[in-house]
Amino acid sequence: MKAIILAAGKGKRLLPITNEIPKSMIEFGEIPLLERMVNTFKNCGIKDISIVVGHNANKINFPNVQTFLNEKYDQTNMLESLFCAEDKIDDKVIISYADIIFEERILKKLISSKEDITLVVDTEWLNYWKLRIDDPLDDAHETVTINNDGNIISIGQDVKNVNDVNGHFIGLMKVQKNGVKKLKELYHKSKFEAENGKNPLNPNLTFKNSRLVDLIQEIIRKGIQVNMSTTKNGWLEFDTLKDYKIYNDLKDRNMLNKIIQLE
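Quick note on the working numbering: the sequence shown kicks off at -19 and runs consecutively.
What follows is the structure, given as structure tokens:
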């Protein structure tokens, strides 16, 4: 089992904190987010860890952890960062955003999945989003809709009503076996098509700015099953200064454990 952490972004909505450090290296509880994540992976038995770096790349350095540089980090999005580490996308791999922290139980449950493609989805996302954002749909870009079998049929699409949402992708997924093959095939096929016309993953974006969820949605459109590993809270996303202030305030008031149990 391998892990790839996508940590190339600058985190503009966390300025000025991220002027001199990558977004993933901001500290929470005196521990950088990325250090927490690396420790979580190791505690769950994953030793082969790679990090895709970009903004202030020299600030990310962990023993026995390989780094891949996204030289165009300021012009690209998560998907391009992922494929900077394409050599590591084989067999069984966990893919994670770098601006999140999560409880070990969430990762252990994901690791145990036998499916080709599995996404971690928070089914209690709405109350958490309301804590951070006045109108949850204003910044709910990775919402998930499922069918009666519990498989994901839509991700990252525009939603007008929260009642149409079954959960929110937390930025943590696992691909293995045929899932690895399909992920790579559709990435390269879509990239080729985009070079000769519109971006098939998202016509509103250039290919280099495509999101990881755009590729996942294309996989779904092709009829490939995408499964979910559910959680109810147990994670945090550090996307804005407001997030950072809210979490620190909750921590200071000993109320953070209502959302996440920190080790």
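Each residue gets a CB set at the ideal place from its N, CA and C atoms; glycine is no exception.
Residue range of the beta strand (DSSP E) that includes residue i
i     : result
I150  : 147 to 156
F82   : 80 to 82
S209  : 207 to 211
K72   : 72 to 77
L(-5) : That residue, L(-5), is in no beta strand (DSSP E); it is neither H nor E in DSSP.
S134  : 132 to 135
Candidates the options: closest to residue i by CA position
i      : options                  : result
K212   : V101, I11, A65           : V101
E66    : N234, L185, S92, V155    : V155
L14    : N146, I81, V124          : I81
L62    : N228, T(-2), S30, H35    : S30
K22    : E95, N131, L87           : L87
K162   : D229, D70, G151, G177    : D70
F149   : V206, A(-12), R233, P180 : V206
T210   : I91, N50, N141, K231     : I91
I40    : I74, Q55, M5             : M5
V33    : N19, P(-4), I(-15)       : I(-15)
Q241   : R85, Q197, P(-4)         : R85
M(-19) : I26, N107, A78           : I26
G244   : K188, N184, I74          : Any property of residue 244 remains undetermined from this structure, which presents the chain solely from -19 to 243.
N57    : G9, R191, T103, K(-8)    : R191
Start-to-end residues for the alpha helix (DSSP H) that takes in residue i
i      : result
F21    : 13 to 23
Q197   : 192 to 201
I226   : 221 to 232
L(-14) : Here L(-14) belongs to no alpha helix (DSSP H); instead the beta strand (DSSP E) covers -18 to -13.
F316   : The chain is shown from -19 up to 243; residue 316 falls before or after that span and cannot be answered.
Beta-bridge pairing of residue i - partner residues as DSSP gives them
i    : result
Q46  : S30
D102 : H148, T211
F8   : I11
T123 : H148
I97  : V155
L216 : I81
DSSP state of residue i mapped onto helix, strand, coil
i      : result
V139   : coil
A37    : helix
K52    : coil
I240   : coil
L185   : coil
S170   : helix
E175   : helix
K(-10) : coil
D67    : helix
I91    : helix
D118   : helix
N128   : coil
E165   : helix
I113   : coil
I86    : helix
Any chain C beta carbon closer than 8 Å to residue i
i   : result
L13 : Reference to chain C is not applicable here, since this structure consists of a single protein chain.
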